[in-house]
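Working notes for the structure below.
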Amino acid sequence: MLMPIDQWTEVLPKVDMGPNSRHLFSIAESQAVNYVKLNMYPDGGIVSQSRHLYLGQSWLITCLQARFRVYGHVSPVIPSDVAEIFDLAHVFAGGHVQFTSDQHFGVGANLIVPGRGKNMGGGWETKRSRAKGHKDWVIIKLGVPGVLEHVEIDTNHFKGNFPDSCEIHALYTETTIDWKIHDRDEDWTLILPKIKLGPHRQHHFQFENVEGKLYSHIKVTIHPDGGLQRVRVFGRRSAVDVPKVVGDKSASTSATPTEPAATTALTPKIVPVLPLTPEGFAPFGKVIQGYSDLHAVPKGTKVTPANGGTAQKYHKLSLLESSYPVEAGATSGISVYRCQPCQDITSDGFLALKVLERHPFTNQAFIPMGQNSGEGFKYLVVVAHNGSDDRPDLSTLRAFIATAAQGIVYNTAIWHQPMTVIGKVKIA
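Residues 21 to 448 (my numbering) are what the sequence shown spells out, left to right.
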């Protein structure tokens, strides 16, 4: 369906073109639009590349080697509901990659675009380094300051050149910063301690040091180098306008503001439920699973053909542990639990945590089995470390959703929720 001609606004009058040349045209500030119409007279060839279309103001149109580029600023799409969790770093939300330490093989701006990339060239990749202690980093300005919750680090297509590990810092600032000059470690707050990454898949990690705090920028550091396909920073925007902060920590950054205190005397702690991955669960135990794509197998896992080539063997994904006193006469064994699906999930996807338990002398494995092993039948895994008072340290509380194709092994003495089976119900 063609739009009426009177609905189009001319932003660039008719201009002369030449062969084999780069043409740059500045355009006055415009209103936000989502379509651009290019007319050429009388005919000829220009290939349109809509993936480079960033709309907003301060436009620049260029024709370069039979390509059509339109540059500007994104008109952000921000949820009106302040409780909604969304990707604050996404380009559609106004996110902007402001600095990369290196982008030899793939540009940093790829990290926040839609999709998961078609190949390694669709992500951010740095050159190799053999220097001891080398690291690379990228700084992303969020579309709006927000209270952060969790991050997705995607290494899709990076099968041998994914980073060994990563960490994430955040800060709040109201000013424009030249990161080449002002990038001091003391200005940043660590929100994800250094953690291992794996090849060719999505990783999900819950942030630390973020409750009730607003952040405007994140800094993703990879060790030692390599490639990431996407970075998704999930959280919610502030319930009020970002307050003006006085007392700068430096010329470039401001103290991290906090959200107004809740009016209720006690606010429940809400823990996001993230997809179970070996890296995310590593501080608490092991994940037992096979992989249809061997490129996605965690680094260090031994895989060999078995059963005459009809199977793949994943060796020793977990070892048995027991520290019972000899006089206890304890033995290892296999038991079966038949679990009913949980009925206590609220309509908006919340489940109250009522009890945690632990086994102080052994690790403990749970492997799903039975008929109801299809997609939609999952179970909830809630864990925490032991605190100094020999009770669960709730600051370390983490929750994961495991599929019927994944087993888990709790490390010895890890606090955990009893087995909680989820039917075809979406968990918040």
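All C-beta atoms, glycine included, are put in the ideal place defined by N, C-alpha and C. On a predicted model such as this, the values are computed, not experimentally measured, just so you know.
(Q) DSSP three-state label for Gln3, please. (A) Because the chain is modelled from 21 through 448, residue 3 falls outside the range shown and cannot be assessed.
Q) Can you tell me whether DSSP reads Pro134 as helix, strand or coil? A) Judged by DSSP in its simplified three-state form, Pro134 adopts coil rather than helix or strand.
Q) Is the stretch 350 to 362 touching the stretch 319 to 339, taking contact as three or more C-beta pairs under 8 Å? A) No, because fewer than three Cβ pairs between the stretch 350 to 362 and the stretch 319 to 339 fall closer than 8 Å, the two stretches do not touch.
Q: Output the distance between the C-alpha atoms of Thr120 and Phe225, rounded to the nearest integer angstrom.
A: Near 22 Å, if we compare the C-alpha coordinates of Phe225 and Thr120.
Q | Minimum C-alpha distance to Ser258 - residue among Gly163, Leu44, Gln27 and Val117 | A | The shortest CA-to-CA distance from Ser258 to any of Gly163, Leu44, Gln27 and Val117 is the one to Gly163.
Q. Among the residues of its own chain, which have a CB less than 6 Å from the CB of Ser68, if the five just before and after it don't count?
A. The pLDDT assigned to Ser68 is 48, lower than 50, so where the model puts this residue is not dependable, and the model offers no usable value.
Q: Over the uninterrupted alpha helix (DSSP H) stretch that includes Glu187, give me the two end residues.
A: Looking at the DSSP string, Glu187 is not in any alpha helix (DSSP H); the run it does join, the beta strand (DSSP E), is Ser185 to Leu191.
Q: Round the Cβ separation of Lys239 and His189 to the nearest angstrom and send it over; I've been treating them as touching at under 8 Å.
A: About 4 Å separates the two Cβ atoms, so the contact holds.
Q: Return the bridge partner residues of Arg252 from the DSSP annotation.
A: Its beta-bridge partners are Glu172.
Q: Please check the pair Val171 and Arg252, which I expect to be a contact at CB under 8 Å, by giving their CB distance rounded to whole angstroms.
A: 7 Å between Cβ atoms; contact.
Q) From Thr440, Leu376 and Phe112, pick the residue whose C-alpha is nearest to that of Ile365; which is it? A) If we check each option's Cα against that of Ile365, Thr440 comes out closest.
Q) Among Gly320, Pro288 and Pro295, which has the Cα closest to the Cα of Val219? A) The sequence given here places Pro at residue 219; Val does not occur at that position. Among Gly320, Pro288 and Pro295, the Cα nearest to that of Pro219 belongs to Gly320.
(Q) With three or more beta-carbon pairs closer than 8 Å as the criterion, would you say the stretch 138 to 148 touches the stretch 96 to 103? (A) Here the stretch 138 to 148 makes no contact with the stretch 96 to 103; the two share fewer than three CB pairs at distances below 8 Å.
**Q.** Exposed unless 16 or more other CB atoms sit within 10 angstroms - verdict on Ile201
**A.** The residue is exposed, with fewer than 16 neighbouring Cβ atoms inside 10 Å.
Q) Where does Ile428 sit, in a helix, a strand or coil, going by DSSP? A) In the structure shown, the three-state DSSP call for Ile428 is strand.
Q.
Assuming contact is defined by CB atoms lying nearer than 7 Å, are Leu417 and Ala404 in contact in what I supplied?
A. A contact, by the Cβ cut-off of 7 Å.
Q: Examine the ligand NAD and report whether any of its heavy atoms sits within less than 6 Å of the Cβ of Lys319.
A: In terms of ligand content, the structure shown is empty, and the ligand NAD therefore cannot be addressed.
Q.
At 3 residues or longer, what runs of the beta strand (DSSP E) sit wholly inside the stretch 295 to 348?
A. Entirely contained in the stretch 295 to 348, the beta strand (DSSP E) runs reaching 3 residues are, in chain order, 305 to 308, 323 to 326 and 331 to 334.
Q: Note down, in chain order, each residue of its chain lying with its Cβ closer than 6 Å to the Cβ of Pro99, except the 5 sequence neighbours on either side.
A: So the qualifying residues of the chain are Phe106.
Q) So, Gly305 versus Tyr430, is the Cβ gap smaller than 7 Å? A) Yes; because the gap between Cβ atoms is below 7 Å, this pair is in contact.
Q) Between the C-alpha atoms of Lys216 and Pro380, what's the straight-line distance to the nearest angstrom? A) Distance between the alpha carbons of Lys216 and Pro380 is about 26 Å.
**Q.** Candidates Glu228, Pro438 and Thr196, of which the one nearest Gln455 by Cα
**A.** Outside the modelled stretch of the chain, which goes from 21 to 448, sits residue 455, for which no answer is possible.
**Q.** Where the beta strand (DSSP E) containing Leu400 begins and where it ends
**A.** Start and end: Lys398 to Ala404.
Q) From Ala129 to Arg378, what does the alpha carbon distance come to, in whole angstroms? A) Those two C-alpha atoms are separated by around 44 Å.
(Q) Considering only the alpha carbon of each residue, which of Pro303, Phe125, Val323 and Leu212 lies closest to Ile434? (A) Of the listed residues, the one whose Cα sits closest to Ile434 is Pro303.
Q: Following the continuous beta strand (DSSP E) through His9, name the residue where it begins and the one where it ends.
A: Any answer about residue 9 is impossible in this case: the structure gives the chain only from 21 up to 448.
Q: Measure the alpha-carbon distance for Val293 versus Ala422 and round it to whole angstroms.
A: Spanning the two alpha carbons is a distance of roughly 10 Å.
Q) Is it buried or exposed for Val346, if we count other Cβ within 10 angstroms and need 16 for buried? A) Label assigned to Val346: exposed.
Q) Is the distance from the Cβ of Asp198 to the Cβ of Arg250 below 7 Å? A) The answer is no: Cβ separation not under 7 Å.
Q | Boundaries (first-last residue) of the beta strand (DSSP E) holding Tyr91 | A | Element bounds for Tyr91: Arg87 to Tyr91.
Q: Apply the 10 Å Cβ neighbour rule to His436 and answer buried if 16 or more other Cβ atoms are within range, or exposed otherwise.
A: It is buried - the Cβ of His436 has at least 16 other Cβ atoms within 10 Å.
Q: Count the other C-beta atoms from every protein chain shown that fall within 10 angstroms of the C-beta of Pro183, then say buried if there are 16 or more, exposed otherwise.
A: Around the beta carbon of Pro183, 16 or more other beta carbons lie within 10 angstroms, which makes this residue buried.
(Q) Does Leu84 pass the burial test, meaning 16 or more other C-beta atoms within 10 Å, or should it be called exposed? (A) In this prediction, Leu84 has a pLDDT of 44, which is less than 50 and means its spatial position is unreliable; nothing more can be read from the coordinates.
Q) First and last residue of the beta strand (DSSP E) that includes Ser415? A) Run containing Ser415: none; DSSP gives neither H nor E here.
Q) Of the choices Lys374, Thr209, Ile211 and His154, whose alpha-carbon is the least far from that of Pro288? A) Ranking Lys374, Thr209, Ile211 and His154 by Cα distance to Pro288 puts Lys374 first.
Q.
So if DSSP puts Pro361 in a beta bridge, which residue, or which two residues, is it bridged to?
A. Under DSSP, Pro361 shares a beta bridge with Val441.
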